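I have placed the structure first, in the form of structure tokens, so that the comments after it can refer back to it.
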Amino acid sequence: MKTAIIVDSTATLPEDLSSLENVFQIKLSVIFPDGEVREDSSDPQVISDYYNELENMTVLPTTSQPTNGQIYDLYEEIIKAGYDEVYGIVIASQLSGTLSSLEAVSREFTDQVTTHIIDAKSTSAVSQHLVGECLRLLTAGHTAETVVPALEQVANESETYILVGSLDNLVKGGRLSAAGAFFGNLLKITPLIKIDQMGALEVIDKIRTDRKMKEKFKGIYETAHAKYGDRLHVSVAHSNASERALELAANMSDDMDMSQVTVSALTPVVGTHLGNGSIGIFLLVDAEL
Numbered sequence: 002m003k004t005a006i007i008v009d010s011t012a013t014l015p016e017d018l019s020s021l022e023n024v025f026q027i028k029l030s031v032i033f034p035d036g037e038v039r040e041d042s043s044d045p046q047v048i049s050d051y052y053n054e055l056e057n058m059t060v061l062p063t064t065s066q067p068t069n070g071q072i073y074d075l076y077e078e079i080i081k082a083g084y085d086e087v088y089g090i091v092i093a094s095q096l097s098g099t100l101s102s103l104e105a106v107s108r109e110f111t112d113q114v115t116t117h118i119i120d121a122k123s124t125s126a127v128s129q130h131l132v133g134e135c136l137r138l139l140t141a142g143h144t145a146e147t148v149v150p151a152l153e154q155v156a157n158e159s160e161t162y163i164l165v166g167s168l169d170n171l172v173k174g175g176r177l178s179a180a181g182a183f184f185g186n187l188l189k190i191t192p193l194i195k196i197d198q199m200g201a202l203e204v205i206d207k208i209r210t211d212r213k214m215k216e217k218f219k220g221i222y223e224t225a226h227a228k229y230g231d232r233l234h235v236s237v238a239h240s241n242a243s244e245r246a247l248e249l250a251a252n253m254s255d256d257m258d259m260s261q262v263t264v265s266a267l268t269p270v271v272g273t274h275l276g277n278g279s280i281g282i283f284l285l286v287d288a289e290l
């Protein structure tokens, strides 16, 4: 079969993946209060400029999933190119309606192409990793009967932790009261958020000191490494906070090979909800076959 992969823009695909002819992207959007609509971007300069702009906004933009028209046009392109199988790897259904939109449109093409949709249960580096694992398994000759449950396993076992850059940003987005942000800032509390196995955000700890933060991540890594061994990889993503992200990753283990830690930016759609200076720490697990 000739197989295509569809992934959404929040994955921030690196060049070696985004340039592949069988990898296609659907883009979410940022919608500004004045009605301006900008497509999500993986361009480093566009992302950096956006976060600098976001810092000074009193009213946050909203975000939107890809339109059905965009997905419909992409399917027509894929079919015209001769593909007869599609793997759709998308941001957690609890965080965006992208998955439901992809499902709805794909049903209109069931007589022309077979579609397998994988809920990443996260975004960013997890979606990147799922694309890489999908390509690896397909290249090894595995079929959907094996690939689909393997990718679902990867999504379920990988872990996502988020450090929000600004409590004030959560207030602007309606996710925290002004009083809560005031006392959080006063006490220098950093909420540690985890994306749970359902793909929903959950505050798992409130940490006051840098030492406690490093201890927390060291324990998280040790637990995961004891369970997954060499199948475990670390990745970081950030909104203008690369040095801090790498510092946290380096302290997770004395044996951490930092050359193997991938670094990417959180796209504008993701960063709109988290704010400038946010960090994602991802524990990625390879498929076990």
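Counting from 2, one number per residue, gives the positions in the sequence shown under our numbering. Here a beta-carbon is modelled for each residue, glycine too, at the ideal position from N, C-alpha and C. Please read these numbers as outputs of a predicted model, since none were measured by experiment.
| Query | Result |
| --- | --- |
| Would you tell me roughly how many angstroms separate the C-alpha atoms of S20 and Q26, rounded to the nearest one? | 11 Å |
| What residue range is occupied by the uninterrupted alpha helix (DSSP H) comprising Q26? | Unbroken run through Q26 is the beta strand (DSSP E), V24 to I27; no alpha helix (DSSP H). |
| DSSP on I92, reduced to helix/strand/coil? | coil |
| Per DSSP, what kind of secondary structure is D197 in: helix, strand or coil? | coil |
| How far does the beta strand (DSSP E) with G281 in it extend, from its first residue to its last? | I280 to V286 |
| Measuring alpha carbon to alpha carbon, tell me which of Y88, I32 and S94 ends up nearest Q198. | S94 |
| Compare the C-alpha of Y52 against each of S279, L285, E289 and D287 and name the closest. | S279 |
| Give the straight-line distance between the Cα atoms of L75 and K215, rounded to the nearest whole angstrom. | 43 Å |
| Taking a contact to mean a Cβ-Cβ separation below 8 Å, would you say A288 touches A151 in this structure? | yes |
| Going straight from the alpha carbon of E16 to that of P45, what length do you get? | 12 Å |
| Considering only residues of the same chain and omitting the five flanking positions on each side of R245, which have a CB-CB separation below 7 Å? | I280 |
| Note down, in chain order, each residue of its chain lying with its Cβ closer than 7 Å to the Cβ of S42, except the 5 sequence neighbours on either side. | I48, T268 and P269 |
| Quick one: grab the DSSP three-state call for T210. | coil |
| Short of 6 Å in beta carbon distance, which residues of its chain neighbour N252, apart from the five on each side in sequence? Order them along the chain. | K215 |
| So, T161 versus K195, is the Cβ gap smaller than 8 Å? | yes |
| Take Y222 and list the residues in its own chain whose beta-carbon comes closer than 6 Å to its own, dropping the five residues that flank it on each side. | M253 and S254 |
| Output yes or no for whether 8 Å exceeds the beta carbon distance between L96 and I72. | no |
| Starting from the C-beta of I163, find all residues in its chain whose C-beta is less than 6 Å away, skip the five residues before and the five after it, and write them out in chain order. | I194 and G281 |
| Which residue marks the beginning of the beta strand (DSSP E) containing E40, and which one marks its end? | V38 to E40 |
| Span of the beta strand (DSSP E) holding E160? | E160 to L164 |
| Only counting the same chain, and skipping five residues up and downstream in sequence, which positions put a Cβ closer than 6 Å to that of V149? | H117 |
| Can you tell which of I6, V8 and A12 has its C-alpha closest to the C-alpha of A238? | A12 |
| With a cut-off of 8 Å on the beta carbons, I'd call A156 and K122 a contact; round off their distance for me. | 4 Å |
| Let's see if you can read the secondary structure: which residues bound the beta strand (DSSP E) around H239? | L233 to H239 |
| Quick one: grab the DSSP three-state call for E86. | strand |
| In whole angstroms, what is the alpha-carbon distance linking R39 and A227? | 43 Å |
| So, helix, strand or coil for E289, using DSSP? | coil |
| In terms of residue numbering, what span does the beta strand (DSSP E) encompassing A5 cover? | T4 to D9 |
| Look at the alpha carbon of L159 and the alpha carbon of P62, and state the distance between them as a whole number of angstroms. | Correcting the residue identity first, residue 159 is Ser in this sequence and not Leu. Approximately 30 Å, taken between the alpha carbons. |
| Give me whichever residues DSSP pairs with A12 in a beta bridge. | Paired residues: none, contrary to the question. |
| Taking the alpha-carbon of I92 as reference, which of G276, V271, L285 and L290 has the nearest alpha-carbon? | V271 |
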